[in-house]
């Protein structure tokens, strides 16, 4: 446990020193979300309909942007190899890194999304559902994305290749996450969607660090 | 027997474009793919032969 | 007893598998041709004209087998890749690598024929039907696998990385299918579906099964052809390759 906390602290400290990277992803999120009304038209009824989907897709893309940062800097300066060699189980260290990644990438999205949701004329209860859905979904995105980041570590065409690998795997999160808000708006209730999202998160917490660790070992050997 | 004449067969009851578009794509893909796989093999064989010749000439 | 075990694992080495594959390829082509002829016969001359869909429905005799094969090949690919990861065998990785393009072809064919079936039937080139959408994502998974392997230079690392991706994919395919089905049933306006066909007549089922067998034999034949090329590429430096009759001529 100490190891995980130490890793989280370290990664957060490093992220704070390179604030621009974190903020860039955030502004990307804001800009992408703002592009859709510009492309589609300002009619409130239409915007309310597309809002959950748009916000979720933008969250996916913003998370993808941040994934490159997960392992590459540590790989470049040799820290990653030290982590692999350390007596602490690599899986725990990886989990710590993923948590830190979520704090710097996912959590800001969760906090920012309701503000942007207002732009789309979503009503307050829908915004709450959106926040909960993103709260469950963004860690899921970080976990799945970590597998992709480990697989493409140091590989040519890294960023785009990473997107190609990871976006299909993001589809269930997108469907249940955006679907939760839509279900709430249409009166059906978001319970089912959110439960499924939570189930996926539980599965990912269990399996993703394991797969990421295997992928990292392959990348580093 | 479903068809009264070859013309009817090719017309496919008006769906000719879709039916032959599907079967045609299938045929094309299933001819091109093995050809490409075969060519991959011949090209590696060619370069292996060239290497072998080069080694033989080198050792002479 | 130990004789039998040794005999089986003998073919796990590229060196002994190469000639074996060479001998098997013509056999599978013959089987593919036989099943293909029978299947096409049923498709065009035995299966009757459909009351609602006319002749257009004959596309299912390609669409459904292609879908089945695309999913089946993905499973086999993941199995080979997982085997290679567990046992650290080179040939397993080579088999996975050789199956991927064929699987992608099947997925593409499924999407293509799905569109050509959908247009005259439902009026749109693409319908966000659960099966078609899952097929599209499966196609992306294939492309991702191929892209990852071609981006990694070291073949052993490519094998292992591809294996992890394939295994993660295989676990996700049912999840993706379920989530897309959920999404589809909630959004479905008219309840038309490419998967809901009129009660399958016996002939239709037989036709699809035989065409599926044809596609299966075809896939094996092509994958074996491709794996022979891959074996030569990756084992180029070995003595046994240099001593092959086709190299020495």
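Residue numbers (this note's numbering), protein chains in the order written: chain G, -6 to 214; chain P, -4 to 55; chain C, 3 to 251.
A virtual CB, placed ideally from N, CA and C, is assigned to each residue, including glycine.
Reference residue 42(G); option with closest CA among 130(G), 116(G) and 7(G): Here residue 42(G) refers to the residue found at position 49 of the first chain. With distances taken between CA atoms, residue 42(G) lies nearest to 116(G) out of 130(G), 116(G) and 7(G).
Closest residue to residue 125(C) among 58(C), 50(C) and 232(C) (Cα-Cα distance): Taking the third chain and counting its residues from 1, the one referred to as residue 125(C) is at position 123. Of the candidates 58(C), 50(C) and 232(C), the one whose C-alpha sits nearest the C-alpha of residue 125(C) is 58(C).
Burial state of residue -1(P), where buried means 16 or more other Cβ atoms lie within 10 Å: As a working mapping, residue -1(P) is identified with position 4 in the second chain. Classification for residue -1(P): exposed.
Euclidean distance between Cα positions of residue 198(C) and residue 13(P): In the third chain, counting from the first residue as 1, residue 198(C) sits at position 196. In the second chain, counting from the first residue as 1, residue 13(P) sits at position 18. With a pLDDT of 48 at residue 198(C), under the threshold of 50, the modelled position of this residue cannot be trusted, and the question is left open.
Whether residue 8(G) touches residue -2(G) by CB criterion (7 Å): Translated into positions along the first chain, residue 8(G) becomes position 15. Translated into positions along the first chain, residue -2(G) becomes position 5. Going by C-beta atoms, residue 8(G) is not nearer than 7 Å to residue -2(G).
In DSSP terms, what residue 56(C) is bridged to: Walking along the third chain from the start, residue 56(C) turns up at place 54. Under DSSP, residue 56(C) shares a beta bridge with 52(C).
Residue burial classification, residue 156(C) (beta-carbon count within 10 angstroms, cutoff 16): Locating residue 156(C) in the third chain gives position 154, where the first residue counts as 1. Classification for residue 156(C): exposed.
Residue 53(P) - containing alpha helix (DSSP H), residue span: The residue labelled residue 53(P) in the question sits at position 58 within the second chain. Segment 11 to 54, the alpha helix (DSSP H) holding residue 53(P).
C-beta atoms of residue 156(G) and residue 95(G) nearer than 7 Å: The sequence position of residue 156(G) within the first chain is 163, counting from 1. The sequence position of residue 95(G) within the first chain is 102, counting from 1. With respect to the 7 Å criterion, residue 156(G) and residue 95(G) are not classified as neighbours on the basis of their beta carbons.
Residue from 75(C), 162(C) and 83(C) whose Cα sits closest to the Cα of residue 220(C): To locate residue 220(C), count along the third chain from 1; it is residue 218. Closest by C-alpha distance to residue 220(C), out of 75(C), 162(C) and 83(C), is 75(C).
Neighbourhood of residue 246(C) by C-beta distance below 6 Å, restricted to the same chain and skipping five residues each side: Translated into positions along the third chain, residue 246(C) becomes position 244. So no residue of the chain qualifies.
As assigned by DSSP and simplified to three states, the class of residue 35(G): Mapped onto the first chain, residue 35(G) falls at position 42. When secondary structure is reduced to three states using DSSP, residue 35(G) falls in the coil class, being assigned neither helix nor strand.
Separation of residue 167(G) from residue 34(P), as counted between CA atoms: As a working mapping, residue 34(P) is identified with position 39 in the second chain. As a working mapping, residue 167(G) is identified with position 174 in the first chain. Their backbone Cα atoms lie some 42 Å apart in a straight line.
Contact under 7 Å by Cβ, residue 93(G) with residue 6(G): Working through the first chain from its first residue, we reach residue 93(G) at position 100. Working through the first chain from its first residue, we reach residue 6(G) at position 13. No, Cβ-Cβ distance for residue 93(G) and residue 6(G) is not below 7 Å.
Interface flag, residue 204(G) vs chain C, CB-CB below 7 Å: As a position in the first chain, residue 204(G) is number 211, starting the count at 1. At least one C-beta of chain C is nearer than 7 Å to the C-beta of residue 204(G).
Local Cβ density within 10 Å of residue 67(G), reported as buried at 16 or more and exposed below that: As a position in the first chain, residue 67(G) is number 74, starting the count at 1. The residue in question, residue 67(G), is buried, as its Cβ has 16 or more Cβ neighbours within 10 Å.
Residue 234(C) at chain P interface by Cβ criterion, 7 Å: What you label residue 234(C) is simply residue 232 of the third chain in a count that begins at 1. With 7 Å as the cut-off, residue 234(C) counts as an interface residue toward chain P.
Test item: CB-CB of residue 169(G) and residue 189(G) under 7 Å: Stepping through the first chain from its first residue, residue 169(G) is reached at position 176. Stepping through the first chain from its first residue, residue 189(G) is reached at position 196. In this structure, residue 189(G) lies closer than 7 Å to residue 169(G) by Cβ.
Nearest residue (CA-CA) to residue 108(G), options 22(G), 214(G), 210(G) and 208(G): Indexing the first chain from 1 puts residue 108(G) at position 115. Looking at the Cα atoms, 22(G) is the closest of the given residues.
Positions along the segment 11 to 38 of chain P whose CB lies within less than 7 Å of some CB in chain C: Listed by position, the residues of the segment 11 to 38 of chain P near chain C (Cβ gap below 7 Å) are 13, 14, 16, 17, 18, 20, 21, 24, 25, 28, 29, 32, 33, 35 and 36.
Within 7 Å, strictly: CB atoms of residue 216(C) and residue 105(C): As a working note, residue 216(C) is residue 214 in the third chain. As a working note, residue 105(C) is residue 103 in the third chain. Result no, Cβ atoms of residue 216(C) and residue 105(C) do not sit closer than 7 Å.
Coarse secondary structure for residue 154(C), derived from DSSP in three states: Here residue 154(C) is taken as the residue at index 152 of the third chain, counted from 1. Three-state result, residue 154(C): coil.
Chain P residues whose Cβ lies nearer than 7 Å to that of residue 58(C): As a working mapping, residue 58(C) is identified with position 56 in the third chain. For residue 58(C), the residues of chain P that pass the 7 Å Cβ criterion are 10, 13 and 14, in the order they occur in the chain.
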